[in-house]
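What follows is a set of notes on a single structure, which appears directly below.
Protein chains: 2
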Amino acid sequence: MEAKLRARHPDFDPTFRDQLRALLAWRRDVRRFKRDALAPGTIERLIGIACLSPSVGLSEPWRFVIVEDQARRAAIRDCFEACNQDALHQQSDRASLYARLKLSGLDDAPCQIAVFADRATAQGHGLGRLTMPATLDYSVAIAIHTLWLAARAEGIGVGWVSILDPARVAEILDVPQDWTFIGHLCIGCPEEEADLPALQRQGWERRHPSAGVVIYR
Amino acid sequence: MEAKLRARHPDFDPTFRDQLRALLAWRRDVRRFKRDALAPGTIERLIGIACLSPSVGLSEPWRFVIVEDQARRAAIRDCFEACNQDALHQQSDRASLYARLKLSGLDDAPCQIAVFADRATAQGHGLGRLTMPATLDYSVAIAIHTLWLAARAEGIGVGWVSILDPARVAEILDVPQDWTFIGHLCIGCPEEEADLPALQRQGWERRHPSAGVVIYR
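Chains as they are written, first to last, in my numbering: chain A, 1 to 217; chain B, 218 to 434.
Quick look at the structure:
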């Protein structure tokens, strides 16, 4: 069995590794979308790829809520606006710069998904999460990242909106009580491509060298 | 500026997308490692790639602790053993199957990193995390996933150990108080390759169809 598995496992060459690095470098948190609809079935296919992600104890705790109803979308947009106003008021010397940032694509993105972690799932039989229950949430964050990369490889942009009240989003979307809100995704064709984060291009923050985040023990 | 950016942005073709899907399918949570050392600089290079990950407000909250000291490694192994015994005792009808699972590569993996989220970082100026501070932790989980994929593309395996007491790990590694433990990674050349999760091959749990985790609202 092992020999058979080994015989067919893929080898990844330097060309693929360079392209993977380019994918990581050009994956952006997109806030400016074209309004064109995605081809039918696109989002379900991307979710299928996301489900290849690792999950603690093979619990697969990700739950994807595809938000189509206009009233629910409007309610999420209102929630974002309220939370964003609160956040603006927390910014003192940077308030004017903050106010100029575009922090969501909720108006234009043709597709929106809210992603939750099912904290009550029996799948996985609790393995790996007794001391660290938040690993369920991490598994879902990683699935979002997988979806994000798969989308970008097809020229589709994803923007992660976190300026939301998790309890209110759960209420708007009428999801089971044990589902923890992880993130709301705007998905569609991006208005532009870039290899630098929008927040860096807009002067909010910059990337730092990776050597600064490594210590040895 | 925009035209210039567009002119040089990479296009990903169907061949790359197929390889990316293969990478996602063959990325495993590795628990059986060869003891061969990684080439010097490998882990720092992989961490550099991980730092291309998205982070809330461009906060880059990831902190990588490369654990080399044998006494600290032994203490982490002890912590795992204690937590794993507790977990075994929580399993009633599945205890004998649980006891047979190999849940970490701590004995053999040549490289070990503990990964933390700096919850006190000023970087990003708080953007995006006022209502959802755990997005800092999610950013770090995603960076681990990026490292994992980049490693697998080089034939290097990663195993994520979560059966640990976070407070004890922080103590063993003597890290700043504001750092939240996210995961401990074993890294090295895998003993085997597979496209099915080890927990599925060992009869613990199986993957479920992605259609079951999608709802429409």
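Yeah, the Cβ is synthetic: ideal placement off N, Cα and C, and Gly gets one too.
Check the Cβ of residue i against every Cβ in chain A and list those closer than 7 Å, keeping chain order.
{"i": "E261 of chain B", "result": "V214"}
{"i": "E422 of chain B", "result": "G57, L58, Q123, G124 and H125"}
{"i": "A304 of chain B", "result": "L130"}
{"i": "Q417 of chain B", "result": "L58"}
{"i": "H362 of chain B", "result": "I142 and H145"}
When DSSP labels each residue in this structure, what does residue i get in the three-state scheme?
{"i": "G265 of chain B", "result": "helix"}
{"i": "T338 of chain B", "result": "coil"}
{"i": "T131 of chain A", "result": "coil"}
{"i": "R209 of chain A", "result": "Before going on, a small fix: residue 209 of chain A reads as Pro here, not Arg. P209 of chain A: coil per DSSP, three-state reduction."}
{"i": "L402 of chain B", "result": "strand"}
{"i": "A114 of chain A", "result": "strand"}
{"i": "W421 of chain B", "result": "coil"}
{"i": "P231 of chain B", "result": "helix"}
{"i": "R438 of chain B", "result": "This structure does not reach residue 438 of chain B, given that chain B is present from 218 up to 434, and the question cannot be answered."}
{"i": "R244 of chain B", "result": "coil"}
{"i": "G105 of chain A", "result": "coil"}
{"i": "G449 of chain B", "result": "Shown here, chain B extends from 218 to 434; a query on residue 449 of chain B therefore has no answer."}
{"i": "P407 of chain B", "result": "strand"}
{"i": "I66 of chain A", "result": "strand"}
{"i": "I144 of chain A", "result": "helix"}
{"i": "V214 of chain A", "result": "strand"}
{"i": "V161 of chain A", "result": "strand"}
Name, please, each residue of chain B whose Cβ falls closer than 7 Å to the Cβ of residue i.
{"i": "S210 of chain A", "result": "I264, G265 and C268"}
{"i": "G128 of chain A", "result": "S379 and I380"}
{"i": "D69 of chain A", "result": "R434"}
{"i": "L173 of chain A", "result": "R434"}
{"i": "D178 of chain A", "result": "By Cβ distance, chain B contributes nothing, its closest Cβ being about 14 Å from D178 of chain A, past 7 Å."}
{"i": "R35 of chain A", "result": "Per Cβ cutoff of 7 Å: no residues; R35 of chain A is ~19 Å from chain B at best."}
Leaving out five residues before and five after residue i in sequence, what residues of the same chain have Cβ atoms less than 8 Å from its Cβ?
{"i": "P350 of chain B", "result": "R336"}
{"i": "E410 of chain B", "result": "W243 and R245"}
{"i": "I389 of chain B", "result": "R289, A292, I293 and C296"}
{"i": "R238 of chain B", "result": "none"}
{"i": "R206 of chain A", "result": "Q200"}
Which same chain residues, not among the five before or five after residue i, have their C-beta less than 6 Å away from its C-beta?
{"i": "R294 of chain B", "result": "L323"}
{"i": "I142 of chain A", "result": "S53"}
{"i": "C406 of chain B", "result": "K251 and D253"}
{"i": "V378 of chain B", "result": "S321 and H401"}
{"i": "F398 of chain B", "result": "F333, P383, V386 and A387"}
{"i": "V431 of chain B", "result": "none"}
{"i": "A122 of chain A", "result": "none"}
Output, in chain order, the set of chain B residues within a Cβ distance shorter than 8 Å of residue i.
{"i": "L219 of chain A", "result": "Nothing about residue 219 of chain A can be read from this structure; chain A reaches only from 1 to 217."}
{"i": "A95 of chain A", "result": "Within 8 Å Cβ-Cβ: nothing; A95 of chain A doesn't reach chain B, min ~11 Å."}
Can you name, in chain order, every residue of its own chain whose Cβ lies under 7 Å from the Cβ of residue i, other than the five neighbours on each side?
{"i": "F12 of chain A", "result": "none"}
{"i": "L103 of chain A", "result": "R31, N84 and I163"}
{"i": "R27 of chain A", "result": "W148, L149 and R152"}
{"i": "D382 of chain B", "result": "C296 and C300"}
{"i": "L353 of chain B", "result": "V273, S276, P278, A334, R336 and R346"}
{"i": "A3 of chain A", "result": "Low confidence applies here, because A3 of chain A scores a pLDDT of 48, under 50, leaving its location unreliable and the question unanswered by this model."}
{"i": "E191 of chain A", "result": "R32, F33 and K34"}
{"i": "G101 of chain A", "result": "In the sequence under discussion, the amino acid at residue 101 of chain A is Leu, which differs from the Gly named in the question. These residues qualify, in order along the chain: Q202 and W204."}
{"i": "C111 of chain A", "result": "L38, I43, I187 and G188"}
Which residues in chain A have a C-beta closer than 8 Å to the C-beta of residue i? List them in chain order.
{"i": "A351 of chain B", "result": "A134 and D137"}
{"i": "W243 of chain B", "result": "H9 and P10"}
{"i": "P483 of chain B", "result": "Past the boundaries of the shown model lies residue 483 of chain B; chain B is included only from 218 to 434, so the question cannot be answered."}
{"i": "W279 of chain B", "result": "V213"}
{"i": "Q307 of chain B", "result": "G126 and L130"}
{"i": "D295 of chain B", "result": "Ordered by position in chain A, no residue passes the 8 Å Cβ test against D295 of chain B, which lies about 14 Å from the chain."}
{"i": "C300 of chain B", "result": "L130 and T131"}
Here's the rule: buried if 16 or more other CB atoms are within 10 angstroms of the residue's CB, otherwise exposed. What is residue i?
{"i": "H89 of chain A", "result": "exposed"}
{"i": "S309 of chain B", "result": "exposed"}
{"i": "Y355 of chain B", "result": "buried"}
{"i": "M218 of chain B", "result": "Note that M218 of chain B scores a pLDDT of 45, beneath 50, so its modelled location is shaky; the value from the coordinates is reported in the next line. Exposed, by the Cβ-count rule."}
{"i": "W179 of chain A", "result": "buried"}
{"i": "A288 of chain B", "result": "exposed"}
{"i": "R6 of chain A", "result": "Confidence at R6 of chain A is low in this model, with a pLDDT of 48, below 50, so its placement is unreliable and the value that follows should be read with caution. So R6 of chain A ends up on the exposed side."}
{"i": "Y433 of chain B", "result": "exposed"}
{"i": "G157 of chain A", "result": "buried"}
{"i": "A87 of chain A", "result": "buried"}
{"i": "G124 of chain A", "result": "buried"}
{"i": "Q19 of chain A", "result": "buried"}
{"i": "L413 of chain B", "result": "exposed"}
{"i": "T15 of chain A", "result": "exposed"}
{"i": "L241 of chain B", "result": "buried"}
{"i": "L344 of chain B", "result": "buried"}
Run down chain B in chain order and give the residues with a C-beta less than 9 Å from the C-beta of residue i.
{"i": "L185 of chain A", "result": "Here the premise fails: no neighbours, minimum Cβ distance about 12 Å."}
List, in order along the chain, the chain A residues whose C-beta lies closer than 9 Å to that of residue i?
{"i": "V185 of chain B", "result": "No information on residue 185 of chain B is available, as it lies outside the stretch 218 to 434 that chain B covers here."}
Validate contact between the region 252–266 of chain B and the region 34–41 of chain A using beta carbons, cut 8 Å, 3 pairs: They do not touch, by the three-pair rule.
Cβ contact (3+ pairs, closer than 8 Å) linking the region 183–190 of chain A and the region 365–374 of chain B: Here the region 183–190 of chain A does not lie against the region 365–374 of chain B, with fewer than 3 beta-carbon pairs under 8 Å apart.
At least 3 beta-carbon pairs within less than 8 Å: the region 276–284 of chain B vs the region 329–343 of chain B: With a cut-off of 8 Å, the region 329–343 of chain B and the region 276–284 of chain B count as touching, because enough Cβ pairs lie within range.
Cβ pair count under 8 Å reaching 3, the region 203–214 of chain A against the region 255–266 of chain B: Under the three-pair Cβ rule at 8 Å, the region 203–214 of chain A counts as touching the region 255–266 of chain B.
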